[in-house]
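In the numbering used here, the protein residues as written are 446 to 702.
From the three backbone atoms N, C-alpha and C, an ideal C-beta is built for every residue, glycine too.
The structure appears below as structure tokens.
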Amino acid sequence: MTFKPAHLLVVLLVTAFPAMAQNLATVNGKAIPASKAEPFVKQALAQGQKDTPQLRAMIKDRLVGTEVLLQEAEKAGYSKNEDVKMQIEMARQQILIQSLMRAHVEKNPVSEADIKAAYDKWKTQNGDNEYHPFHILVEKEDDAKAIISKLKGGAKFEELAKQSKDTGSAAKGGDLDWVSQANVPPAFATALATLKKGQFTETPVKTEVGFHVIKLDDVRPLKLPTLEEVKQQIGESLVQEKVQAYQQSLIKKAVIK
């Protein structure tokens with residue numbers, strides 16, 4: 446094979462300086478490999494940018510600037526600083542954990558059926574109606590019974606609500622605004638479902654925060670967002686549940702003393 450002088454010069458240059466094509470630049474004698482730019486290029490492409498000489502020049506400038514600062518930080522001794530070392534270690538751990546969790550989710554993806562099932566369950570929990578209740582919350586059952594007796598005697602609910610432990614609603618006559626059954630404790634929700642407009646509970650309703658006397662002001666059909674409207678939110682929630690379940694399974698299998 447024969448080479449023309451110009452071709453020969455190219456071959457000689459590539460042979461003599463093979464590292465030049467592999468490095469973006471050198472900073473104070475330290476080379477920045479061209480491969481370091483590729484993750485940034487991929488990220489830019491994923492964001493809709495085009496792979497242009499201008500993009501690569503910008504990435505090169507960024508890498509050079511980073512290298513200059515890193516060298517200065519090393520020179521100043523920050524890599525030996527205990528606080529810095531601890532932060533670096535924490536970042537390393539976080540990156541490893543995120544990689545583990547990402548791989549787990551990729552191997553166990555959330556399916557369309559999973560999202561649909563979660564949506565249907567959520568709809569069932571919320572029920573068909575939305576309620577506008579007023580309530581009076583007290584600590585003792587006897588106090589709640591006394592309030593019910595006063596209501597039966599003609600006392601105004603809004604006046605009695607001033608003694609409620611729930612100070613937020615007490616200032617509004619006990620008004621809790623519109624709620625669904627999923628927004629209140631189970632016993633509270635059950636009581637709401639048994640009341641008609643204008644009625645109040647004739648026995649105290651117990652929850653973990655105390656005893657309630659509940660009056661139903663109004664009820665209307667509940668309008669929930671469609672599956673498409675909350676699909677992304679549900680998917681993200683299910684992913685988080687998978688991650689938490691995976692973590693708990695690893696903790697259970699671990700030998701902890």
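Open item on the list: Assuming contact is defined by CB atoms lying nearer than 8 Å, are F633 and K585 in contact in what I supplied?
Closed with: No, the Cβ-Cβ distance between F633 and K585 is not below 8 Å.
Open item on the list: Just verifying my parser: in three-state terms, what is the DSSP assignment at T719?
Closed with: It is not possible to answer for residue 719, since the shown part of the chain is limited to 446 through 702.
- [ ] Return helix, strand or coil for M446, following the three-state DSSP convention.
- [x] Bear in mind that a pLDDT of 46 at M446, under 50, signals an unreliable position, so the model cannot answer this.
TODO: Starting from the N-terminal side, write out each stretch of the alpha helix (DSSP H) that is 4 residues or longer and does not extend beyond the segment 584-649.
DONE: As far as the segment 584-649 is concerned, its whole alpha helix (DSSP H) runs of at least 4 residues are 586-597, 602-605, 612-615, 631-639.
Open item on the list: Quick check: the segment 670-677 against the segment 593-608, are at least 3 beta-carbon pairs closer than 8 Å?
Closed with: No: the two stretches stay apart, fewer than three of their Cβ pairs being nearer than 8 Å.
TODO: Compare the C-alpha of A502 against each of G619, Q538, A482 and name the closest.
DONE: Taking the Cα of A502 as reference, the smallest distance to any Cα among G619, Q538, A482 is reached at A482.
Task: Start-to-end residues for the alpha helix (DSSP H) that takes in D528 - done: Its alpha helix (DSSP H) spans residues 527-552.
- [ ] With distances taken Cα to Cα, identify the nearest neighbour of A591 among Y523, H577, Q608, A636.
- [x] Of Y523, H577, Q608, A636, the residue nearest in Cα terms is Q608.
Open item on the list: Could you tell me the alpha carbon to alpha carbon distance between V530 and V550, rounded to whole angstroms?
Closed with: The sequence as given places Lys at residue 530; Val does not occur at that position. Here the alpha carbons of V550 and K530 stand approximately 30 Å from one another.
Open item on the list: With H, G and I counted as helix, E and B as strand and the rest as coil, what does DSSP make of L667?
Closed with: Coil.
- [ ] Assess, as a yes-or-no matter, whether the segment 610-624 is touched by the segment 553-562 under the definition of 3 or more beta carbon pairs within less than 8 Å.
- [x] No: the two stretches stay apart, fewer than three of their Cβ pairs being nearer than 8 Å.
Task: Sequence ranges, alpha helix (DSSP H) only - wholly within the segment 471-528, length at least 4 - done: Here the runs fully enclosed are 483-491, 498-520.
Task: Helix, strand or coil at E653 according to DSSP, with G and I counted as helix - done: Three-state result, E653: coil.
Open item on the list: the ligand HEM and Q608: does the residue's C-beta get closer than 7 Å to at least one heavy atom of that ligand?
Closed with: Only the bare structure without any ligand can be found here, which leaves the ligand HEM out of the picture.
- [ ] Kindly identify the DSSP beta-bridge partner or partners of K561.
- [x] In the DSSP secondary-structure assignment, K561 is not bridged to any residue.
Task: CB contact flag (I415, V513, <8 Å) - done: The chain is shown from 446 up to 702; residue 415 falls before or after that span and cannot be answered.
Open item on the list: For S480, count the other beta carbons within 10 Å of its own beta carbon; 16 or more makes it buried, fewer makes it exposed. Which is it?
Closed with: Exposed: under 16 other Cβ atoms inside 10 Å.
Task: Selection from I679, T471, K505 that minimises the alpha carbon distance to V486 - done: Taking only the C-alpha atoms, the option nearest V486 is K505.
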